[in-house]
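Peer 1: Taken in sequence, the protein lines are chains A and B. Residue 89 in my numbering sits at position 89 of the first sequence; the count goes up by one each step and never skips. Quick note: to get my numbering, add 1000 to the position in the second sequence (first position is 1). In this text, a Cβ means the ideal position worked out from N, Cα and C, and glycines have one as well. Sharing a structure below in structure tokens format, with a few things to ask.
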Amino acid sequence: VEEIESIWLVRAQKGEDGAFTHLVEVYQKPVFNLCYRMLENAEDAEDAAQETFLRAYKSMKAYDSNRPFGTWLLSIAAHHCIDQVRKRRLTFISIDDDPYPQIEVDEPGPEGKLSNKESDLQIQNLLNTLGPVDRAAVVMYYWYEFPYEEIAAELHISTSAVKSRLHRARRDMANIWQKDHSKSISLERKKYESPVF
Amino acid sequence: MNHRFFEDRIISEEPLTTTQRIELEDHLRSCNSCQQFQTSWKATEEKLQNVQMVAPRDGFTDRWQAYLATDLVKKQKQQSLWLLLIYLTGAIVMFILFGLLALPLLLSPEPLLMALALWITNWVSTLEVVFDFVTILFKTMNRIVPITLWVGIGVALCSLSSLWLVAFRRLSSSWRIVL
């Protein structure tokens, strides 16, 4: 797969539009997902993902082929989204008003879809409480399973800063979850028999 | 009681030692606040680990191609505007410089008009001299060369012209030109 990808990459670097379109086709989902997790709604995520691919297309000749293409793309997307979040920080956007994106679920029933949507909204609400860089770190860590070093390289911060940001984000998310679900926590507690993990 | 110390252990990604684990278990048995925090974190972590990847609407690649085309048009428009701006600035600068140079002449045009009149007079007198020279030359030639010689020269020139035309047509015909 890597060999095939490198062929497309070489062709795209030579300026072949068709090759780059193929890369867009392959990487649209991870890029869109990162943008959606960062920007809270599908419309902004679509714009950000389009912009990410445009920036990548323009900087294709500067791309270092020793680096994984997907990681490079996600880094561009993360930086663009961080800028977008900072720009509109004072503007309030309701999630309910925005069109909901396609979530690929295995279960076909409407209940399954509904519970996925609810679960997704809960996570999205938690992410929204974090700062843009912390949010990017959480998304890269939990959705893409990037190691600390890679997150640090992509976000241009130190590895220890990534660790401390993730730690702070976990604490913030847990606290918010606790506030939102304070009534149901006592019941949920029974699910976990041992007090420690 | 220091809850934060135990909360840090609850959310830590680093594996706990046996002693740390026992300490945490002991603490959790007696601390309701930390128990609630642990339950919250476990639920949050579960959601984070199980949440689905979100895909864009169908036709993303087509929309991207349209986005790229729009961006190219926008870029071309911007370049054209910049070029127009540069030309306009150049024209304005030239106009100002020319205006600064011509201002004294426009304020008092007498020397300019005098120079123009002198230039026209010079040209007229030069043309008069050339005309006189040509007239004298023709008159002199008429006396020296007899009329029959003039006719001969005319016929010879006509023959040469005809010969040249025939030769040109033959040489430029398609069968002679090999590419």
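1) When you check each C-beta in the stretch 119 to 142 of chain A against every C-beta of chain B, which residues fall closer than 8 Å?
2) Rounded to the nearest angstrom, what separates B:Val1166 and B:Val1151 at their Cα positions?
3) Can you check whether the C-beta of A:Asn41 is within less than 8 Å of a C-beta belonging to chain B?
4) State the start and end residues of the unbroken alpha helix (DSSP H) segment that holds A:Arg88.
5) Leaving out five residues on either side along the sequence, give the residues of the same chain with a beta carbon under 7 Å from the beta carbon of A:Tyr63.
6) Relative to the alpha-carbon of B:Tyr1067, which residue among A:Glu149, A:Ala49, A:Ser158, A:Ala77 has its alpha-carbon at the smallest distance?
7) Along the stretch 1040 to 1065 of chain B, where does the CB come closer than 9 Å to a CB of chain A? Name the residues.
8) Look at B:Leu1024 and B:Arg1009 and say whether their C-beta atoms are less than 8 Å apart.
9) Output yes if chain B places a C-beta closer than 8 Å to the C-beta of A:Glu46; else output no.
10) Could you tell me if B:Met1114 is buried or exposed, where buried requires 16 or more neighbouring beta carbons within 10 angstroms of its beta carbon?
11) Taking the alpha helix (DSSP H) that B:Leu1083 falls in, what are its first and last residues?
12) Could you give the DSSP three-state label for A:Val139: helix, strand or coil?
13) Please determine if the stretch 1001 to 1021 of chain B and the stretch 1061 to 1081 of chain B are in contact, where contact requires at least 3 C-beta pairs separated by less than 8 Å.
14) Taking all protein chains shown into account, do 16 or more other C-beta atoms lie within 10 angstroms of the C-beta of A:Trp8, making it buried, or fewer, making it exposed?
15) Are the stretch 134 to 153 of chain A and the stretch 43 to 58 of chain A touching by the rule of at least three beta carbon pairs closer than 8 Å?
16) In terms of residue numbering, what span does the alpha helix (DSSP H) encompassing B:Asn1122 cover?
Peer 2: Per the coordinate set shown:
1) Cβ contacts with chain B: Ser119, Asp120, Gln122, Ile123, Leu126, Val138, Tyr142.
2) One Cα belongs to B:Val1166, the other to B:Val1151, and the distance between them is close to 23 Å.
3) Answer no: the Cβ-Cβ gap between A:Asn41 and chain B never drops below 8 Å.
4) That residue, A:Arg88, is in no alpha helix (DSSP H); it is neither H nor E in DSSP.
5) Hits under 7 Å: Gln13, Trp72.
6) Nearest C-alpha to B:Tyr1067: A:Ala49.
7) So the list reads Ser1040, Trp1041, Lys1042, Ala1043, Thr1044, Glu1045, Lys1047, Leu1048, Gln1049, Asn1050, Val1051, Gln1052, Met1053, Val1054, Ala1055, Pro1056, Arg1057, Asp1058, Phe1060, Thr1061, Arg1063, Trp1064, Gln1065, given in the order they occur along the chain.
8) Taking 8 Å as the Cβ cut-off, B:Leu1024 and B:Arg1009 qualify as a contacting pair.
9) Cβ-Cβ to chain B under 8 Å: yes for A:Glu46.
10) That one is exposed.
11) Segment 1060 to 1107, the alpha helix (DSSP H) holding B:Leu1083.
12) In this structure, A:Val139 counts as helix in the three-state DSSP scheme.
13) No: the two stretches stay apart, fewer than three of their Cβ pairs being nearer than 8 Å.
14) Label assigned to A:Trp8: buried.
15) They do not touch, by the three-pair rule.
16) Unbroken alpha helix (DSSP H) run through B:Asn1122: 1110 to 1144.
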